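Worksheet for the structure shown next.
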Amino acid sequence: MRKIWIMVTGFLVWTFLAVSQNTAAQADAKTEHLIPADKDLSKDFVQRLFERGKRETYAGLDLETIGMPVCGIGTGQLYLRGDGTLALWQIFNQHVFSGYGADNYRTYRPDCPVDSAFVVLVQDEDRIIARQLNRDFGTVEFSGEYPIGVVRYRSDDFPAKVEMEVFSPFIPLNAKDSALPAMLFHITVENVSAESVHLGILGWLENAVCLHSAESLDNVLRRSRIVAEKGRTVIVHTAEKAPISQETAPPRPKIVLADFEGPGYGNWKVTDEAFGKAPAAGTLPNQQQVTGFLGKGLVNTYLGGDDPHGTLTSPAFEVSRKFITFLIGGGGQAGQTCINLLIDGKVVRTAAGKNNEKLQWQFWNVAEFQGKSAQIEIVDRASGGWGHINIDQIELSDDAQKVPIGPLETLPDYGSMVLMLAEKDSSSKTNQWLIGSLSFEDDAAYPVTEKKSTAISTTIVDLAPAEKRTFIFVLAWFFPNHEHGHEYANRFNGASDVAHYVLDNYARLAGDTRKWHKTFYEDSTLPRWLLFRLHSTVCNLATGTCQWWKDGRFWAWEGVGCCEGTCTHVWNYAHAAARLFPELERAAREMQDFGQGFDEKTGLVGFRSNRAYAADGQCGTILKAYREHLMSADSSFLQRNWPRIKKALLFSIAQDGNDDGLIENSQHNTYDINFEGPNTFVGSLYLAALRAGEEMAKEMGDQDFARRCRKIFESGSRLTVERLWDGEYFIQLVDLQKYPKDQYGKGCLSDQLFGQGWAHQLGLGYIYPPQHVKKALQSVWKYNWAPDVGPYNAVHKPERWFARPGEPGLLTCTWPKSQYLAEGVRYREEVWTGIEYQVAGHMVAEGMLTEALAICHGIQQRYEPAKHNPFNEIECGDHYARALASWGVYTALCGYEHNGPKGHLGFAPRGLATGITPENFQAAFTAAGGWGSFSQKRQADTQAEQIEVRWGRLNLKTLAFAVPQDFRPVGVSVTVQGQAVESSYQLREGRVEITLKKELVLSEGQVLQVVIRKTR
Ligand SMILES: [Ca+2]
Ligand SMILES: [Ca+2]
Ligand SMILES: [Ca+2]
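Whatever position you read off the sequence shown (first residue = 1), add 3 for this note's numbering.
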């Protein structure tokens, strides 16, 4: 059962209450820092942070919020809910805008627009008992750890218990096999009764091809077939043009229901404010230009901006034609900014805008409703960005030709979907009486607007008491018509093709996925809760946030559906993809940063693949380029891109202007504002980029440039300490008279050492004196991490709430020693998980483990499933990319260092005396060509390392391992599979550095062992 860790004592809570209730104390709040310096972490709490612990299991109401993304990278977004049912189904290439974040941090159950299910059938003489695998089964428990979801079901009145394991293949370093539009279901049924039981599994799937366009299609059929192929049974759902009917009646004249040209709304009924008293005459104040409407008038609810709500409802009319057509624009929020067709007061058709002020034709096929009485309802229930709707020219028509939709084969939601049973279907015919609404037909074609699910079932098998049986299903889809195409469409021809591939390669795909899960979660000594947290964000790659285009380009939003362009400054924080699937990040560098987004003339890296400059993103691009080089098997990436990498760094050097290592000019950045004057947010990224540039220049034999980078770096490091160090942390040098807005001045910015964290990630060492770095990080902890954000946020309200009162969080910026800047850096009172991981990863590198783990656990607490989906860390939208920073915490805990082209691998496990400890440490690692498990054990006179390759190949030339301070090595032995390997070693700065005489290539299953002996 889930544990709730109490960390804030009752006494502290009482203190906060006293502050907020006492007006005198409130006046003091202006001068008093509202975040306690002493976090008062209980001994018990800290101990639990470090405990290995167990896999979490969730049940009851916790299941409601859980939505674990289970699909391939860039193939859409499909959730496995806590009860094992599916939700979201965003696999149809629609633009889903999850919002700018203001409303995302709320408690809800992900909804499900497509019908699918698994049912356990138990045959009892001539009776069949069916029990669906969902929250109504009885006792349901979820214990998923990304990428594998596990749901267990049992019930006192059912003779079988069930365990369902669900995943899409996920194999680090094998991006293609981790980007399959498919899910595997393993349903293991165990007889828990005292007698033999006859049972099987029924599975069904709705045909959702053309899910979004169905209501606008004419003469289109859905087709559902059950076919037997390769010993498997497949439900194949497609759509196709209907045969042209011979006798088509001539179209009747159209009827204009409304053109909104009159002085008022006539006999339409208006509620609330958004619609005003009469149609709009075009664009409203402060609105982008509205176009595409007919005549002079239209419905436009931007009246008074996006805030107001309202409805506009037509009188009843008869549906007397086959179509209703209309012009629509405005917000794209389904159900919130929309037009509905009501019959008997129920919504039977609905459409929303597309976040676009240009009205466009859309239509509904309403043939099935002809002769019925209906009403049109236009709804504005939204505030905030795109919280309005534009409508004009509503007509009843027999002719849908003017709508530019199709041809069918080009629609975004055209394609195929299958449910495949990995065995023959044998009993569906005999069981079809069971569930009346399901289709068991071998071949059925029906109007595209009809909803129909098709079912197949396994053989009914006999299970003796305690006997188990596993049934395997594959759900796969193929919707290739994305604007930029899908990488997966290069490899497959349809959903059946995908599902067969998964089963043809089942042993490898499922085996490697489970091997990664075992290596990462089960064989590690790190705390299980922490592993869960740090790996959960990786699921963002398999959500609407990320796309993998047909041309091989990896492209991403910041969060699901907004803001576009693989934003350099947001992705500055993300380390997971680069370490797990380096080819994706290399593609983003080559095809975007040094490709489409690169300005050859200046070296500018457009931060959204455009021509716009972001100072942090520009410097970060250099760091990413170096990281991608380190994660490559050879130097070809660096060779190909070096001229542009250098040019991009020269662009930042030009911003510096005088080679003193400080950038003083206007610096647009990830807070969506510009910093003015030198600061260590951009400055530390700049210095780290100079160090990365120096290393890359050396590798490229460009000694002059390496020397120049070094010189600028050294000057910048020295001047930063001279000018920006305030004794406790680094500040920004800015003239607040001249720049009163958006600056932080003497504030304490959580991200102030961003570049130093990066430098550690890449093995570039200190960019500022270590004592200053450690002190500054301690100050970030002291001043910005609130065990409860409530008291601070009560006085300083955030623009968006990503942490509620009572919850812990690291605030973006505070002013503990100077006047609070009420117009200071944007988002200053917010809590972003990406910054928290960035800071925590850096803290680990500086030995501040307790603080780092407390910050990560704060995220874990905020994303407890009773409140929020633990797999969806929110910022500006769902599944926010910045959260992929979590991997930096993981690599820091391992003290991981890797240089693929040089064949270097090193570890310096961080730890304290208990829990996480370098004395006995084991963790998964990924390298350029392979991954596996690293372990280290310290004994009285030896330190033993083991590197086991579990996937791929590992090229090794040099190794490095941290040893304790008093450690004096007297000998090092290296063996592979017990065979001695010739090597030499030296002790340098607390590390034993080993050079192998010849480069080694370890393959899957091979183990390298190192024993370092010391004097007693
Ligand atoms: Ca009009
Ligand atoms: Ca509105
Ligand atoms: Ca300068």
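Cβ coordinates follow ideal geometry from the N, Cα and C atoms, glycine included. Since we're looking at a predicted model, the values are computed, not measured.
| Check | Outcome |
| --- | --- |
| Glu702, enclosing alpha helix (DSSP H) - first and last residue | Thr683 to Glu702 |
| Trp645 and Gly56 closer than 8 Å at C-beta | no |
| For Trp788, the three-state DSSP class (helix, strand or coil) | strand |
| Phe924 beta carbon less than 8 Å from that of Gly914 | yes |
| Which of helix, strand or coil DSSP assigns to Ser821 | coil |
| Stretch-stretch touch, CB-based, cutoff 8 Å, three pairs: the segment 628-635 with the segment 687-707 | yes |
| Residue range of the beta strand (DSSP E) that includes Arg226 | Val223 to Glu232 |
| Three-pair Cβ contact test at 8 Å for the segment 537-556 versus the segment 204-217 | no |
| Rounded distance between the beta-carbons of Trp560 and Glu567, thought under 8 Å | 6 Å |
| Residue range of the alpha helix (DSSP H) that includes Tyr893 | Ser889 to Cys897 |
| Beta carbon of Ala888 nearer than 8 Å to that of Gln841 | yes |
| Gly390 versus Ala779 - alpha carbon distance | 42 Å |
| Check: Ala657 C-beta below 7 Å from any heavy atom of ligand 2 | no |
| Cβ-heavy atom distance, Phe100 to ligand 1, below 7 Å | no |
| Nearest to Ala217 (by Cα), restricted to the options Ala197, Phe145, Ser323 and Arg352 | Arg352 |
| Contacting residues, own chain, Cβ-Cβ under 7 Å from Tyr771 (five flanking each side not counted) | Ser720, Thr723, Val724 and Gln759 |
| Reduced DSSP secondary structure (H/G/I, E/B, other) of Tyr988 | strand |
| Candidates Gly993, Gly906 and Thr920, of which the one nearest Lys1001 by Cα | Gly906 |
| Any heavy atom of ligand 1 within less than 6 Å of residue CB: hits in chain order | Asp262, Phe263, Glu264, Phe296, Leu297, Gly298, Gly300, Leu301, Asp395 and Gln396 |
| Contained beta strand (DSSP E) runs [length at least 3] in the segment 343-390, N- to C-terminal order | 349-355, 359-368 and 376-383 |
| Beta-carbon contacts of Ile76 that lie in its chain and below 8 Å, excluding the five residues immediately before and after | Ala178, Ser181, Ala182, Leu544, Ala545, Cys549, Trp551, Phe584 and Leu587 |
| Rounded straight-line distance, which links the Cα of Lys454 to that of Val122 | 20 Å |
| Any non-hydrogen atom of ligand 3 closer than 7 Å to Asp663 Cβ | yes |
| Gly660 Cβ short of 7 Å to ligand 3 heavy atom set | yes |
| Strand pairing of Ala133, partner residues [DSSP] | Leu124 |
| beta-carbon Gly390 near ligand 2 non-hydrogen atom, thresh 7 Å | yes |
| Nearest-angstrom beta carbon gap, Leu962 and Val979 [assumed within contact, 8 Å] | That pair is no contact at about 12 Å. |
| Whole-Å CB distance - Lys2 paired with Glu398, under 8 Å assumed | The structure shown has nothing for residue 2, since the chain only spans 4 to 1019. |
| Collapsed DSSP secondary structure at Phe640 in the structure displayed | helix |
| His632 beta carbon near ligand 2 (any heavy atom closer than 7 Å) | no |
| For Val608, three-class secondary structure by DSSP | strand |
| Straight-line gap, Ala32 to Glu67 (C-alpha atoms, nearest Å) | For Ala32, the predicted structure reports a pLDDT of 47, less than 50, and the residue's modelled location is therefore unreliable. A value from the coordinates is still provided. Spanning the two alpha carbons is a distance of roughly 39 Å. |
| Rounded straight-line distance, which links the Cα of Tyr988 to that of Leu999 | 9 Å |
| Residue ranges of each beta strand (DSSP E) within the segment 134-163, 3 or longer | 142-145 and 152-157 |
| Stretch-stretch touch, CB-based, cutoff 8 Å, three pairs: the segment 439-448 with the segment 280-300 | no |
| Assigned secondary structure, Asp754 (DSSP; H/G/I helix, E/B strand, else coil) | coil |
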